[in-house]
Structure formats: structure tokens, C-alpha cells
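**Q**
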Amino acid sequence: MTTTCVVHSYRGGTGKSTTTSNLSVLLAALGKRVAAIDMDITSPGLHVIYNVSSQMMRNTLNDYIYNRCEFSDIVMDLTNHLKLPRGAVYFLGSSMKPEEIVKVIREGYSEKFFRHISEKLSREYNIDYVIFDTHPGLNEDTLLAIMSSDVSLLLMRMDKQDVTGTYITSQILRKFGKLSYVTLNMVPPNLAESSDLPSEVSKIIEAPVIGVLPFYEEVLSHRSRGVFCLHHPQHPYSSQLLRVAKRVIELTTQSQNSMPV
Amino acid sequence: MPEREFISDKDSEMRAKIRSIMSEMNTDTSKVEDVISKFEDKLEDLNSRLENLESRVSKLEKKFDLL
Ligand SMILES: Nc1ncnc2c1ncn2[C@@H]1O[C@H](COP(=O)(O)OP(=O)(O)OP(=O)(O)O)[C@@H](O)[C@H]1O
Ligand SMILES: [Mg+2]
Numbered sequence: 001m002t003t004t005c006v007v008h009s010y011r012g013g014t015g016k017s018t019t020t021s022n023l024s025v026l027l028a029a030l031g032k033r034v035a036a037i038d039m040d041i042t043s044p045g046l047h048v049i050y051n052v053s054s055q056m057m058r059n060t061l062n063d064y065i066y067n068r069c070e071f072s073d074i075v076m077d078l079t080n081h082l083k084l085p086r087g088a089v090y091f092l093g094s095s096m097k098p099e100e101i102v103k104v105i106r107e108g109y110s111e112k113f114f115r116h117i118s119e120k121l122s123r124e125y126n127i128d129y130v131i132f133d134t135h136p137g138l139n140e141d142t143l144l145a146i147m148s149s150d151v152s153l154l155l156m157r158m159d160k161q162d163v164t165g166t167y168i169t170s171q172i173l174r175k176f177g178k179l180s181y182v183t184l185n186m187v188p189p190n191l192a193e194s195s196d197l198p199s200e201v202s203k204i205i206e207a208p209v210i211g212v213l214p215f216y217e218e219v220l221s222h223r224s225r226g227v228f229c230l231h232h233p234q235h236p237y238s239s240q241l242l243r244v245a246k247r248v249i250e251l252t253t254q255s256q257n258s259m260p261v
Numbered sequence: 001m002p003e004r005e006f007i008s009d010k011d012s013e014m015r016a017k018i019r020s021i022m023s024e025m026n027t028d029t030s031k032v033e034d035v036i037s038k039f040e041d042k043l044e045d046l047n048s049r050l051e052n053l054e055s056r057v058s059k060l061e062k063k064f065d066l067l
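Protein chains in written order, with full-length UniProt numbering: chain A, 1 to 261; chain B, 1 to 67.
1. Once you ignore the five residues that flank arginine 247 (chain A) on each side, which residues in its own chain have a CB closer than 6 Å to its CB?
2. With a threshold of 8 Å between beta-carbons, can valine 261 (chain A) be considered close to chain B, or not?
3. Out of A:Glu200, A:Leu230, A:Ile117, A:Tyr129, which one is the CA nearest neighbour of lysine 83 (chain A)?
4. Would you say the beta carbon of tyrosine 10 (chain A) comes nearer than 7 Å to a heavy atom of ligand 1?
5. Ignore the nearest five residues each way along the sequence and tell me which others in proline 2 (chain B)'s own chain have a CB closer than 7 Å to its CB.
6. Could you please go through the chain and list the residues whose beta-carbon is closer than 5 Å to any non-hydrogen atom of ligand 2?
7. Given that asparagine 62 (chain A) touches chain B, what residues does it touch there, using C-beta distances under 7 Å?
8. How many Å lie between serine 43 (chain A) and glycine 93 (chain A) at the Cα?
9. Would you list the residues sitting across from methionine 156 (chain A) in a DSSP beta bridge?
10. So what does DSSP say about alanine 145 (chain A), is it helix, strand or coil?
11. For alanine 29 (chain A), which of A:Asn67, A:Lys178, A:Leu241 has the nearest alpha-carbon?
12. Please identify the residue among A:Pro198, A:Ile37, A:Phe113 whose C-alpha is closest to the C-alpha of serine 12 (chain B).
13. Quick check: is any heavy atom of ligand 1 less than 7 Å from the C-beta of phenylalanine 215 (chain A)?
14. In chain A, what lies closer than 8 Å to phenylalanine 39 (chain B) by C-beta?
15. Run through DSSP, which three-state label would leucine 60 (chain A) get?
16. Does DSSP classify arginine 11 (chain A) as helix, strand or coil?
17. For the beta strand (DSSP E) that arginine 115 (chain A) lies in, which residues bound it at each end?
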């Protein structure tokens with residue numbers, strides 16, 4: 001059974017790509033087969049964190065959409081590249097070429113695109129979790145990704161603008177009938193120590209908060225040079241996010257079990 | 001070469017649905033204001049509780065130093 005998950009936030013720079021990449025290797029460490037997809041088609045960057053060079057990324061989602069390559073050409077197995085001892089991480093990148101970006105924005109794609117990709121990953125690569133990294137805000141392409149996925153992980157900082165946006169986003173997702181879980185990121189360290197924080201924020205924004213990730217100087221100064229958790233497995237950021245990964249597994253297994261047959 | 005069936009379909013059914021749900025949200029702005037003010041109050045409350053705790057801990061530490 002493949003679960004599709006969107007990592008999203010109302011505002012930019014909340015840590016979506018950092019979370020996507022770290023979550024992928026942590027799910028792999030828990031024995032899962034994961035595919036991370038850069039759906040931030042207007043400003044892709046996930047490949048940078050995975051240290052995927054343009055030479056390695058010969059074909060992108062853009063090439064596949066326009067029938068210029070086969071599916072296997074865009075699926076990169078990063079398991080050895082990242083030296084993962086367990087599980088697997090695959091990566092599907094998005095083109096950084098401006099001419100490709102304008103084309104895909106102008107011409108678009110339908111929801112079939114997401115289902116097609118997820119089904120192929122499930123069938124041909126035996127993937128447990130497909131994670132879509134997205135462009136921030138309530139744009140149509142991102143909402144399409146959300147509508148086509150099983151769960152959404154919304155990232156939010158402890159900032160008034162983020163709160164408003166996350167509240168509105170989760171209200172919309174509810175209208176769509178979609179499950180959304182919130183993770184607080186870049187939380188001031190002293191505040192992160194408050195055990196009441198997740199439940200209090202959940203009540204206010206009317207959406208379940210499943211994780212709290214403090215702001216760490218070390219994560220910021222890592223400057224997206226590789227997946228942080230792999231370089232610093234003992235760091236509290238890694239252990240906190242591991243808890244989120246376990247929670248995601250728990251929640252998605254539960255919802256699968258309760259799904260009508 | 002024919003393009004794959006899932007592309008160039010910006011007017012798909014689901015896109016139309018997204019547009020219609022979004023247009024009919026009827027967002028209650030006073031409710032949004034309320035969420036923000038509750039959030040601000042809660043943060044202040046949590047912060048002051050933490051400060052309180054810290055000052056109590058430091059007082060305790062001083063006491064132990066004296067012993
Ligand atoms: N918990 C954290 N503590 C400190 N820095 C963090 C944390 N999480 C993410 N960052 C840093 O914040 C910056 C933005 O992160 P990232 O690029 O993942 O955000 P994003 O949401 O993907 O941005 P965009 O909306 O532009 O796609 C990066 O430099 C990252 O290292
Ligand atoms: Mg990003």
C-alpha cells in the first residue's frame with residue numbers, strides 16, 4: 001500500500017524542502033521505501049539538498065510530462081548515493097531551466113499526473129511513501145497536489161502570518177475532505193520546551209499538531225549542504241523529526257485500516 | 001510524438017472543483033482575527049509561565065548553593 005503525502009506551508013521558507021529531505025531518509029531508516037518529488041516546479045531546490053548534480057539529473061518531471069523520456073529515466077535511486085543502510089530513497093526532480101518552467105506553468109497538467117506518478121511508483125518501485133515537496137501558498141497546482149494525495153503535512157512557524165495562513169489552509173483542506181497535520185517548525189527553543197504547546201496550538205488553529213521542531217542554529221548553518229539528519233544523526237533536530245516520521249507512519253497506517261473496503 | 005494524456009489539461013474537472021470551492025469559502029474574517037488574538041494571548045501566557053519556572057529554578061539553585 002502506497003501513501004501519498006504533501007509537505008506544504010502557506011508561507012515560503014518555513015522548511016518544506018528541509019523537512020521533505022530529512023523525513024525521506026528517516027522513513028527509510030525505519031525500513032520504508034520512499035520517493036521524494038520536487039513539485040515546487042516554479043522554484044525547485046530539493047535536488048540541492050540531496051546533492052544531486054545536473055549531470056545526475058539528466059531527465060526531469062518536465063521531460064516526462066512532454067513525453068521526452070521514459071518514467072525510469074526520471075526516477076533516481078539515491079539509496080547508495082546517500083549511503084542509506086536501510087530502506088530506500090528515490091528522487092524525482094523538477095527542471096531549473098526557465099524555458100521549461102514557463103512552459104509547464106503555461107500548459108499545466110491535470111490531477112491525473114499525480115495519480116499516474118504515484119501508481120507507477122507503487123507498482124514499479126514498490127514505494128511505501130510518496131512525498132511531494134510543494135510551492136508555498138494557495139496556488140492551484142499545489143492544491144491539485146493536495147487534492148490528489150492522502151495526507152498533508154503543513155509546516156508553520158510561530159508567527160502571526162503563518163498562523164493565519166495555516167488556519168485558512170486547513171479550513172480549505174477540510175472542505176476538500178483532506179486530512180492535514182501540522183508540524184511547528186523553527187520554534188523558539190524555550191517555547192519548544194513547553195509540553196502544552198502542541199495541544200494549545202491545535203485548539204487555536206483547529207488542526208492537529210503532530211510535531212514541534214525547534215529552531216537550531218546548526219540546521220541553518222548546514223545551508224542545505226546535504227541531508228542534515230545523515231550528517232548529524234545524534235542532533236536533537238534528527239530525533240525530533242524521527243518522532244514526526246513515526247507519527248506519520250502511525251497515522252497513515254491507522255487511516256488505511258479504517259478506510260472502507 | 002503524442003503528449004501523455006495527463007498533461008495540458010488545465011481545465012480538468014478537479015481544477016474546476018478547486019476554483020469553485022475556493023470561491024465559495026465565505027471566509028469569516030472576524031474568526032481569523034479571533035484565531036490570531038488567541039494565538040498571541042496563548043504565546044504570552046506560555047512565555048510568562050516559562051519565565052516563572054526559570055526564575056523559580058534559579059532561586060532554588062541559589063538556595064542549594066547556600067547550603
Ligand atoms: N528547524 C530549523 N532550524 C533552523 N533552520 C531551519 C529549520 N528548518 C529549516 N531551516 C532553514 O530554513 C531555510 C529554509 O528552509 P527550506 O528551504 O527547507 O524552506 P522551504 O519551505 O522549502 O522554502 P520555499 O518556500 O522557498 O520552498 C533553510 O536555510 C533551512 O536550512
Ligand atoms: Mg522549498
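In this text, a Cβ means the ideal position worked out from N, Cα and C, and glycines have one as well.
**A** This is what the structure gives:
1. As a first step, residue 247 (chain A) is located in the first sequence; it is residue number 247 there, counting from the start. Excluding residues within five positions, the ones whose Cβ falls inside 6 Å are Ile210.
2. The count along the first sequence starts at 1 and reaches residue 261 (chain A) at position 261. Note that valine 261 (chain A) scores a pLDDT of 41, beneath 50, so its modelled location is shaky and nothing firm can be said.
3. For the purposes of this step, residue 83 (chain A) is taken as the residue at position 83 of the first sequence. When each option's Cα is compared against that of lysine 83 (chain A), the closest is A:Leu230.
4. As a position in the first sequence, residue 10 (chain A) is number 10, starting the count at 1. Outside the cutoff, so no.
5. One-based indexing of the second sequence puts residue 2 (chain B) at position 2. A caution first: proline 2 (chain B) carries a pLDDT of 46, below 50, which makes its placement in the model too unreliable to give a value.
6. A:Lys16, A:Ser17
7. Translated into positions along the first sequence, residue 62 (chain A) becomes position 62. The contacting residues do not exist; asparagine 62 (chain A) stays about 10 Å from chain B at best.
8. Position 43 of the first sequence, counted from the start, is the residue given in the question as residue 43 (chain A). Position 93 of the first sequence, counted from the start, is the residue given in the question as residue 93 (chain A). Spanning the two alpha carbons is a distance of roughly 11 Å.
9. As a working mapping, residue 156 (chain A) is identified with position 156 in the first sequence. Its beta-bridge partners are A:Leu184.
10. Indexing the first sequence from 1 puts residue 145 (chain A) at position 145. Residue state, collapsed to three classes: helix.
11. What you label residue 29 (chain A) is simply residue 29 of the first sequence in a count that begins at 1. Closest option to alanine 29 (chain A), Cα to Cα, is A:Leu241.
12. Residue mapping note: residue 12 (chain B) aligns to position 12 of the second sequence, counting from 1. The candidate whose alpha carbon is nearest that of serine 12 (chain B) is A:Phe113.
13. Taking the first sequence and counting its residues from 1, one reaches residue 215 (chain A) at position 215. Yes, the Cβ of phenylalanine 215 (chain A) comes within 7 Å of a heavy atom of ligand 1.
14. The sequence position of residue 39 (chain B) within the second sequence is 39, counting from 1. Under the 8 Å cutoff, chain A gives Lys160, Val163, Val201, Ile204, Ile205.
15. Taking the first sequence and counting its residues from 1, the one referred to as residue 60 (chain A) is at position 60. Looking at the sequence itself, residue 60 (chain A) is threonine, so the reference to leucine does not match. DSSP places threonine 60 (chain A) in coil when its eight states are reduced to three.
16. Locating residue 11 (chain A) in the first sequence gives position 11, counting from the first residue. Three-state result, arginine 11 (chain A): coil.
17. In the first sequence, residue 115 (chain A) corresponds to position 115, counting from 1. No beta strand (DSSP E) contains arginine 115 (chain A), which is instead part of the alpha helix (DSSP H) from 112-125.
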